[in-house]
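Below: one structure, written as structure tokens.
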Amino acid sequence: MTLTHLASNQTVKNPVFWVVLISLVNIVSKSLFLNYPDIGLDEPFTLFRAQKSYPELIADLARNNHPPLFESIIWVWIRIVGFNAAWLRVIPMLFSTLAALAIFRLGKKHFSLFVGVLAALLFSFSDYQFYLSHELRSYPLFALFTTLSLHQYLNFIDNKGHNKYWIGLGVLNALLLYTHYFGAFAILTQVIHCFLVLRKRQKSLDFIKAGLLASAIYSIQAIMVFGRWAEKVEVGHWLSHPSIDEIFNVLGKYLNLPLIAFLSICFIVFGMFRLYGKGQLNKSMVLLGLFPGAYLLMWIVAQGLPVFQDRYASFTIVGLVLLMAVSINQLPRLPKLIVAGIFILGMVASVNYKPKNGQWTAEMSEIIKSKKDSNTVVMVYPKWSYHSFSYHYNLDYFRNYTNTTKLLRQDNIHFSSEPKFDWAIKQLKRGNRVIFVNFEGSIAEIGKDYGGFYDIEIIDKERQGLLIISPKKRD
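141 is the number that the working numbering gives to position 138 of the sequence shown; each next residue is one higher, with no gaps.
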């Protein structure tokens, strides 16, 4: 069957067919290895908070820079499925699937069936979006609410005269902010489009009402947000200022390969010029606000505030995949099917179905247990790694969250901001074995300092390092 015949097939033209297919593609592909990678990075922070009582969770989040919506969902889910990694990750996997379906719905209604299908599939096989569907964090939910808000805004500007779409827009934008603070960038794109591009009095008044409704719903959280950002400006953040290379590097993560990223930019430029020439750029202007608008704005702001990182920019990829589909749709019928097929096959072939997070904490914990005896002391750094370490080392310690660090200390496991060499030497002189764990990098350089004086074993893998120092055995 040729591409032309396939495109004319009535089944393929049926939106229900694509809803079922997109759902199955996402659920099946993203469920194959849901227990990979091992729980790591920020996931243990989410679980550590979610196991607490709900008042404790909300109080904890008030001291943290994470809005409460996703953690509240996990708070319920963890009480149903426990600490099984695969079952826990059903939640982000489902949100990622729903985001793909929302992209399909938006593309189909406001552009064409072809745009909806292509954009949804590009999102589904985006390598970094695939990884985020396996991580217990809010980013798939963030993509979902970004798409729903964008869809509602397009409905809002489509409707003639006075309309009630502003109510749904206000609610969705509040939920967007309750999912992630950077939802403000997505809302800003709507503000700019409404007041600077659309410039219709009634629309502007209704949009202001939507903003007031969102502000009222979000007011409880707003005071905490401003307090946290004031603190970040004053004391700084772990993220550094991104280089100009990061603009393309982050894009490459989402489009799997540098070549796909480059070709995507070329097609978007081509497509926007075609639409501009036809005078049909109106709705695409909203997408351009998200990508490259919000994407580049985050990079610019990040030169002063830490707001640009691969995961932070995840919501802008909704605009990217829609723009790619809209642009490819400007080609004649057969060429656009060929180009779309090449892009989809390229991403299907290059996505990592078994994601990695660069950590091997579970294996490391087993090594430590095998080496550890009553004369072994362990130092883990940096000190905030105790959530992840305790989760893999002893889940009972992790679950006893009020005494986690105390229980670890009783087991001769200590945490520090940096390796303490004087402390290690004292322990070695007493005849103890010392184990250093670097949670955020190599440990080989530290190991060199002990060579010749003690028996050392260095294990460096990806983002973590393990150094085992033992007093030399005497003949």
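A virtual CB, placed ideally from N, CA and C, is assigned to each residue, including glycine.
Predicted model, so just to flag it, every value in this text is computed and none were measured.
Leaving out five residues on either side along the sequence, give the residues of the same chain with a beta carbon under 7 Å from the beta carbon of residue i.
{"i": "residue 393", "result": "400, 401, 407 and 411"}
{"i": "residue 365", "result": "41 and 395"}
{"i": "residue 430", "result": "380 and 437"}
{"i": "residue 210", "result": "169 and 197"}
{"i": "residue 460", "result": "471"}
{"i": "residue 434", "result": "378 and 474"}
{"i": "residue 316", "result": "253, 298 and 301"}
{"i": "residue 35", "result": "356"}
{"i": "residue 256", "result": "130, 131 and 313"}
Between residue i and residue j, which are expected to be in contact by the criterion C-beta below 8 Å, what is the C-beta distance as a whole number of angstroms?
{"i": "residue 439", "j": "residue 382", "result": "6 Å"}
{"i": "residue 252", "j": "residue 354", "result": "That pair is no contact at about 18 Å."}
{"i": "residue 107", "j": "residue 123", "result": "4 Å"}
{"i": "residue 443", "j": "residue 466", "result": "6 Å"}
Rounding to the nearest angstrom, what Cα-Cα distance links residue i and residue j in this structure?
{"i": "residue 403", "j": "residue 409", "result": "10 Å"}
{"i": "residue 32", "j": "residue 356", "result": "7 Å"}
{"i": "residue 489", "j": "residue 145", "result": "No information on residue 489 is available, as it lies outside the stretch 4 to 478 that the chain covers here."}
{"i": "residue 97", "j": "residue 81", "result": "15 Å"}
{"i": "residue 38", "j": "residue 284", "result": "43 Å"}
{"i": "residue 311", "j": "residue 173", "result": "26 Å"}
{"i": "residue 250", "j": "residue 225", "result": "30 Å"}
{"i": "residue 216", "j": "residue 73", "result": "21 Å"}
{"i": "residue 471", "j": "residue 370", "result": "10 Å"}
{"i": "residue 147", "j": "residue 103", "result": "8 Å"}
{"i": "residue 309", "j": "residue 149", "result": "21 Å"}
{"i": "residue 71", "j": "residue 385", "result": "26 Å"}
{"i": "residue 120", "j": "residue 140", "result": "26 Å"}
{"i": "residue 358", "j": "residue 137", "result": "7 Å"}
{"i": "residue 286", "j": "residue 127", "result": "23 Å"}
{"i": "residue 462", "j": "residue 48", "result": "25 Å"}
{"i": "residue 57", "j": "residue 64", "result": "11 Å"}
{"i": "residue 244", "j": "residue 304", "result": "9 Å"}
{"i": "residue 21", "j": "residue 195", "result": "33 Å"}
{"i": "residue 416", "j": "residue 207", "result": "59 Å"}
Counting C-beta neighbours from all protein chains within 10 Å, is the total for residue i 16 or more, i.e. buried, or is it exposed?
{"i": "residue 391", "result": "buried"}
{"i": "residue 441", "result": "buried"}
{"i": "residue 13", "result": "exposed"}
{"i": "residue 328", "result": "buried"}
{"i": "residue 269", "result": "exposed"}
{"i": "residue 360", "result": "buried"}
{"i": "residue 280", "result": "exposed"}
{"i": "residue 263", "result": "buried"}
{"i": "residue 78", "result": "buried"}
{"i": "residue 292", "result": "buried"}
{"i": "residue 95", "result": "buried"}
{"i": "residue 405", "result": "exposed"}
{"i": "residue 46", "result": "buried"}
{"i": "residue 29", "result": "buried"}
{"i": "residue 219", "result": "exposed"}
{"i": "residue 25", "result": "buried"}
Give every residue of the same chain whose Cβ lies closer than 8 Å to the Cβ of residue i, excluding the five residues on either side of it in the sequence, and list them in chain order.
{"i": "residue 273", "result": "330 and 333"}
{"i": "residue 456", "result": "475"}
{"i": "residue 187", "result": "180"}
{"i": "residue 105", "result": "147, 150, 151 and 154"}
Just to confirm my understanding: we take residue i, look at its own chain, exclude 5 residues before and 5 after, and list those with CB closer than 6 Å. What are they?
{"i": "residue 314", "result": "142"}
{"i": "residue 221", "result": "177 and 180"}
{"i": "residue 118", "result": "110, 328, 329 and 332"}
{"i": "residue 200", "result": "288"}
Using 8 Å as the limit for Cβ to Cβ distance, is residue i near chain D?
{"i": "residue 223", "result": "Of the chains in the structure shown, none is chain D; there is only one protein chain."}
Cβ contact (3+ pairs, closer than 8 Å) linking the region 318-325 and the region 288-297
yes
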